[in-house]
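Undergrad: In the working numbering, the protein residues as written are 11 to 300.
#1: Please return the same chain residues whose Cβ sits closer than 7 Å to the Cβ of residue 194, not counting the five positions on each side in sequence.
#2: Whose C-alpha, out of 170, 227, 237, 212, is nearest the C-alpha of residue 198?
#3: Which stretch, first to last residue, makes up the alpha helix (DSSP H) that contains residue 147?
#4: When the distance is taken between beta carbons, is residue 118 closer than 8 Å to residue 155?
#5: In the DSSP assignment, what residue or residues form a beta bridge with residue 43?
#6: Helix, strand or coil for residue 318 per DSSP?
#7: For residue 129, I'd like the list of residues in its chain whose CB is within less than 8 Å of its CB, leaving aside the five on either flank, ordered along the chain.
#8: Decide if residue 122 is buried, meaning its Cβ has at least 16 other Cβ atoms within 10 Å, or exposed.
#9: Could you name the residues of the same chain whose beta carbon sits closer than 7 Å to that of residue 81, not counting the 5 residues immediately before and after it, in chain order?
#10: To the nearest angstrom, how far is it from the Cα of residue 190 to the Cα of residue 233?
#11: Would residue 225 and residue 250 qualify as a contact pair, given that the criterion is a beta-carbon distance under 8 Å?
#12: Given a cut-off of 8 Å, decide if residue 42 and residue 273 are closer than it, judged by their beta-carbon atoms.
#13: State buried or exposed for residue 150, treating a residue as buried only when at least 16 other CB atoms are found within 10 Å of its CB.
#14: I'd like to know whether the C-beta atoms of residue 104 and residue 30 end up nearer to each other than 8 Å.
#15: Can you give the Cα-Cα distance for residue 120 and residue 206, rounded to whole angstroms?
#16: Could you check the C-alpha separation between residue 283 and residue 67 for me, to the nearest Å?
#17: Start and end of the beta strand (DSSP E) containing residue 220?
#18: Measuring alpha carbon to alpha carbon, tell me which residue in 152, 279, 227, 220 is nearest residue 142.
#19: Would you identify the three-state DSSP class for residue 287, choosing helix, strand or coil?
#20: Where does residue 231 sit, in a helix, a strand or coil, going by DSSP?
#21: With burial defined as no fewer than 16 other Cβ atoms inside 10 Å of the residue's Cβ, what is the status of residue 102: buried or exposed?
#22: Run the CB neighbour count on residue 202, radius 10 Å, all protein chains shown included, and call it buried at 16 or more, exposed below.
#23: What residue range is occupied by the uninterrupted beta strand (DSSP E) comprising residue 31?
If you want it as C-alpha cells, here you go:
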C-alpha cells in the first residue's frame, strides 16, 4: 500500500475540482473534519495531512475519511489533495481546501495535593509511564471497521470545563485540557458515546477508574474518573450502553465525567464529533455492534 502512495505522489495526474467534499469547510484547531470522495470507480485513494499520508478505507467507509486538526495548529487555508487510482489503473487528483481558525480557550486555576500534581515516588512514576505507554498503544490502533454514526454525549449534564481549557495547577501552567468535563452528580450512568469495542476498563493513576472504547478508524473514547466500571475489555457496545457511573477517582477535585477523544492519536474536541457524525452527509456506517 505504501508503494502505491509513493507512486501516486510522483506521477502527474489529471486534477478534478469536483468530487472531494469537506465537512465542515472551516474548523478551529483541535477539531475534526471529514472528507468525502464521490468517485465510485476509484479503488485506492490517499491524502497527505499534517505531513503524514492518510488512506481512505473505501471498503468500509464508502469514500469517507475522518481527520483531526491538531490543538494549536496555525490558522490558515490548508490545501487538500487526494491522489487516487481508478479500476482502469489511471491516476487522478482531487482538490479542495480547509480553513483553520484559532480557537480562544479560557483559563482555569485549580489547587490539588502536590502528590497528585507532581508525583515523585519511583513506583508511582513507573506506573504512570506504564499506563501512558499502554494508552498510546491503544490510540495507535486503526481498526478497519468504523462505528461512528449516532455519536452522542455520554451524559446529559452541562459542560463544566471545555476542550482546550488552559489549566494552572497550584500556580503552574499545565497542558491544555485534552477533553470535556461534565458537571455530573456522583452515580450518574455513563453511556458509550458510540458503538465500538472496550479496549480497557481499569483504574489508572491520573484518570482513576477508566473505560476506553475503540470506535474504529483510529477514533477512541476515554471515559474517566468513574465511580464504578460496568464493562470489561473485549466487550462490544452500542451507542448508549451503560459502561460505568460518574465518580471522582484519580486526579479529581469532585464528581464529574471527563471525556477525551483521540483521532489518530490526536486529542480532538469530542463535542464537535457529536454534530459532525450525525448529519446525513457525513454518516459513515449504520449504527453497529450488538
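Heads up, the beta-carbon is just placed ideally off N, CA and C, and yes, glycines get one too.
Just so you know, these numbers come straight off a predicted model, no measurement behind them.
TA: Looking at the coordinates:
#1: 165, 167, 256, 265, 266, 267
#2: Considering only alpha carbons, the answer is 237.
#3: 132 to 149
#4: no
#5: Partner(s): 77.
#6: A query on residue 318 cannot be resolved here, the shown segment of the chain reaching from 11 to 300 and no further.
#7: Excluding residues within five positions, the ones whose Cβ falls inside 8 Å are 135, 138, 215.
#8: exposed
#9: 39, 40, 174, 186, 277
#10: Going from the Cα of residue 190 to the Cα of residue 233 covers about 10 Å.
#11: no
#12: yes
#13: exposed
#14: yes
#15: 34 Å
#16: 19 Å
#17: 218 to 226
#18: The candidate whose alpha carbon is nearest that of residue 142 is 220.
#19: coil
#20: Strand.
#21: buried
#22: buried
#23: Run containing residue 31: 30 to 33, per the beta strand (DSSP E) assignment.
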